[in-house]
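Contents: one structure, followed by commentary.
In our numbering, the protein residues as written are 25 to 228.
Laid out in structure tokens, this is it:
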């Protein structure tokens, strides 16, 4: 494939439809075939989660990024073959903050209420993923990805503990699964052709 492919996760703005709490965000990606069938990838996004129940009013939000690489199992028969069936690896990290505007705890002596101000925290994790990207018409793609995420570490806080990690999910889970459905546009650009031209000029 020739060019730089930019993408947007179409599921992030609508996560509240299938997750607990009001969770939404946005995510963008960039990848290119730097070597035959190997695609370095950069992904970045922002997520927000809000919980509002009788016992707690929680707000968490933050940015996240991932870097990694995908390998395409489909062998292109000619340069115009652009469909991808891939396996990939990622390293992800997030910088976020949370606050509890209100909490209520029942105790022996009666209800206890209070709040916690803004708390900043950091988290990082690894991912393995499989997916497809198919060209639906010239230079436009759609595709899905299944991601397995393994938490490495996050900032520890006594009260309240970290509840949500943007780009990962619930902090209490050491492993999570995620599904994304994205749209892409390939910006045509053949850097390898330019490199060959430069080398030819140098030789002359």
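Glycine included, each C-beta is placed from N, C-alpha and C at the ideal position. As the structure is a computational prediction, the values presented were derived from the model and not from experiment.
If distances are taken between C-alpha atoms only, which option among the options comes closest to residue i?
{"i": "residue 109", "options": "63, 182, 27, 185", "result": "63"}
{"i": "residue 208", "options": "170, 188, 158, 199", "result": "158"}
{"i": "residue 176", "options": "114, 129, 71, 29", "result": "114"}
{"i": "residue 164", "options": "61, 106, 56, 53", "result": "106"}
{"i": "residue 88", "options": "66, 170, 78, 127", "result": "66"}
{"i": "residue 54", "options": "78, 61, 27", "result": "27"}
{"i": "residue 199", "options": "154, 180, 166, 149", "result": "149"}
{"i": "residue 116", "options": "192, 161, 204, 179", "result": "192"}
{"i": "residue 128", "options": "152, 78, 153, 162", "result": "78"}
{"i": "residue 143", "options": "136, 152, 124", "result": "124"}
{"i": "residue 152", "options": "135, 40, 174, 58", "result": "174"}
Could you tell me the distance, in whole angstroms, from the CA atom of residue i to the CA atom of residue j?
{"i": "residue 81", "j": "residue 197", "result": "21 Å"}
{"i": "residue 141", "j": "residue 210", "result": "44 Å"}
{"i": "residue 99", "j": "residue 76", "result": "50 Å"}
{"i": "residue 139", "j": "residue 120", "result": "18 Å"}
{"i": "residue 38", "j": "residue 47", "result": "8 Å"}
{"i": "residue 188", "j": "residue 74", "result": "10 Å"}
{"i": "residue 32", "j": "residue 95", "result": "20 Å"}
{"i": "residue 35", "j": "residue 43", "result": "12 Å"}
{"i": "residue 111", "j": "residue 182", "result": "38 Å"}
{"i": "residue 168", "j": "residue 131", "result": "47 Å"}
{"i": "residue 84", "j": "residue 213", "result": "39 Å"}
{"i": "residue 253", "j": "residue 97", "result": "With the chain covering 25 to 228 only, the question about residue 253 has no answer from this structure."}
{"i": "residue 221", "j": "residue 145", "result": "Because the pLDDT of residue 221 is 44, which lies under 50, any placement of that residue in the model is unreliable, and the number read from its coordinates should be weighed accordingly. C-alpha separation (whole angstroms): 48 Å."}
{"i": "residue 72", "j": "residue 133", "result": "35 Å"}
{"i": "residue 122", "j": "residue 206", "result": "28 Å"}
{"i": "residue 180", "j": "residue 51", "result": "26 Å"}
{"i": "residue 178", "j": "residue 194", "result": "11 Å"}
{"i": "residue 232", "j": "residue 162", "result": "No answer is possible for residue 232: the residues shown for the chain start at 25 and end at 228."}
{"i": "residue 40", "j": "residue 59", "result": "38 Å"}
{"i": "residue 147", "j": "residue 166", "result": "30 Å"}
How close, in whole Å, do the beta carbons of residue i and residue j come, if the pair is a contact with beta carbons under 8 Å?
{"i": "residue 49", "j": "residue 69", "result": "6 Å"}
{"i": "residue 86", "j": "residue 185", "result": "Actually they are not in contact, since the Cβ atoms of residue 86 and residue 185 sit about 16 Å apart, beyond 8 Å."}
{"i": "residue 90", "j": "residue 56", "result": "Actually they are not in contact, since the Cβ atoms of residue 90 and residue 56 sit about 16 Å apart, beyond 8 Å."}
{"i": "residue 201", "j": "residue 172", "result": "6 Å"}
{"i": "residue 160", "j": "residue 203", "result": "That pair is no contact at about 19 Å."}
Just list the residues that DSSP pairs residue i with in beta bridges.
{"i": "residue 122", "result": "84, 143"}
{"i": "residue 164", "result": "161, 209"}
{"i": "residue 204", "result": "169"}
{"i": "residue 70", "result": "50, 87"}
{"i": "residue 95", "result": "62, 111"}
{"i": "residue 153", "result": "112, 171"}
{"i": "residue 30", "result": "54, 209"}
{"i": "residue 117", "result": "89, 148"}
{"i": "residue 199", "result": "174"}
{"i": "residue 127", "result": "80, 138"}
{"i": "residue 75", "result": "82"}
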